[in-house]
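Report on the structure given below.
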Amino acid sequence: MIIFDNVSKTYPNGVKGLSHINLTINDGEFVSIIGLSGAGKSTLLRSVNRLNDVTEGEITIDGVSLTKAGKKELRRIRRRIGMISQQFNLVKRSTVQKNVLSGRLGYYSTWKSILGLFSKEDYERTKDALERVDLQDKLHSRCDELSGGQQQRVSIARTLVQQADIILADEPVASLDPVTTQKIMKDLQNINTTLGKTVIVNIHSVELARSFSTRIIALKAGEIVFDGAPEELTDERLIAIYGRKI
Ligand SMILES: Nc1ncnc2c1ncn2[C@@H]1O[C@H](COP(=O)(O)OP(=O)(O)O)[C@@H](O)[C@H]1O
Ligand SMILES: [Mg+2]
0 MIIFDNVSKT
10 YPNGVKGLSH
20 INLTINDGEF
30 VSIIGLSGAG
40 KSTLLRSVNR
50 LNDVTEGEIT
60 IDGVSLTKAG
70 KKELRRIRRR
80 IGMISQQFNL
90 VKRSTVQKNV
100 LSGRLGYYST
110 WKSILGLFSK
120 EDYERTKDAL
130 ERVDLQDKLH
140 SRCDELSGGQ
150 QQRVSIARTL
160 VQQADIILAD
170 EPVASLDPVT
180 TQKIMKDLQN
190 INTTLGKTVI
200 VNIHSVELAR
210 SFSTRIIALK
220 AGEIVFDGAP
230 EELTDERLIA
240 IYGRKI
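Numbering-wise (numbering that gives the first Met the number 0), the sequence shown opens with residue 0 and increments by one.
Written out as structure tokens, the structure reads:
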């Protein structure tokens, strides 16, 4: 369970990224975060693994304060949180296998990581994860030989071997075509329903948010302006969020 308790984030230049956010996300939810560009979606998502520090309030994950966590505690918390981004964040010249295995790095000491000493189980996990996203035949391919959609599935597989139970996805389909978009969203949904992982996705498309999530949160100028089930997101509310009909 992730709890935001009166969380605000003001950037050093004075811009307010988030303003007094109170939010509880339960295990196993599929949450879509919508809102105009600049509304604070990335700031919110990045706060969950402390890629950015908040300036007020507290975030706890299963009762452990993320805000107050020391280095060791933070490393432990981050292990449980997988991140998927629009740019995939893969080592493109490396193989699919190596990229997926890198999801294990949080479990090893620095010297083992440097030497790339992964266990037999890690190699098994890698194969299983690639099967789950339908990429078993790409194990030894270089990532730069893959399409955008395949690369995004590699980054999903990486969060699986990481055994993250929270998956954060910042506009994971923003650069993909409609067919590939459906595939990626279905992969995320499958991970959510069959493995019970909590998924939080920042997404531009209201239609996708509606069809894949169990809960939609809309941000506007760093504040929550809607939080509810997809069917509660009426045209009227959309106008309030976007300032026009969508
Ligand atoms: N590193 C930063 N420094 C200063 N302002 C930032 C920074 N990152 C984001 N912002 C500002 O914070 C607000 C929220 O940004 P962001 O969370 O990226 O929104 P979204 O993901 O919804 O487009 C915007 O006004 C943006 O310009
Ligand atoms: Mg963003």
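Backbone N, C-alpha and C fix where the C-beta goes; we use that ideal spot for every residue, glycine too.
From a predicted model like this one, the values you see are computed outputs, not experimental measurements.
- Beta-bridge annotation (DSSP): M82 is paired with L167.
- Excluding its 5 nearest sequence neighbours in each direction, A38 has C-beta neighbours in its own chain below 6 Å: L218 and K219, listed in chain order.
- Taking the Cα positions, L134 is about 31 Å away from S46.
- In the three-state reduction of the DSSP assignment, V132 falls in the coil class.
- Setting aside the 5 residues that flank it on each side, T213 is surrounded in the same chain by E28 and F29, each with a C-beta closer than 6 Å to its C-beta; the list follows chain order.
- For L17, the enclosing beta strand (DSSP E) covers residues K15 to I24.
- The shortest CA-to-CA distance from I202 to any of D4, I58 and Q85 is the one to Q85.
- Distance from the CA atom of K67 to the CA atom of D136, rounded to whole angstroms, is 43 Å.
- Secondary structure of V160 (DSSP, three-state): helix.
- DSSP, read as helix, strand or coil, puts V90 in coil.
- Beyond the five residues adjoining it in sequence on each side, R152 comes within less than 6 Å, by CB distance, of V132 and L134 in the same chain, given in chain order.
- At least one heavy atom of ligand 1 lies less than 8 Å from the C-beta of V14.
- Each of I20, H19 and G34 was checked against the Cα of D169, and the nearest Cα belongs to G34.
- Note: E57 is bridge-paired with D4 in the DSSP secondary-structure output.
- Closer than 8 Å to some heavy atom of ligand 1: that describes the Cβ of Y10.
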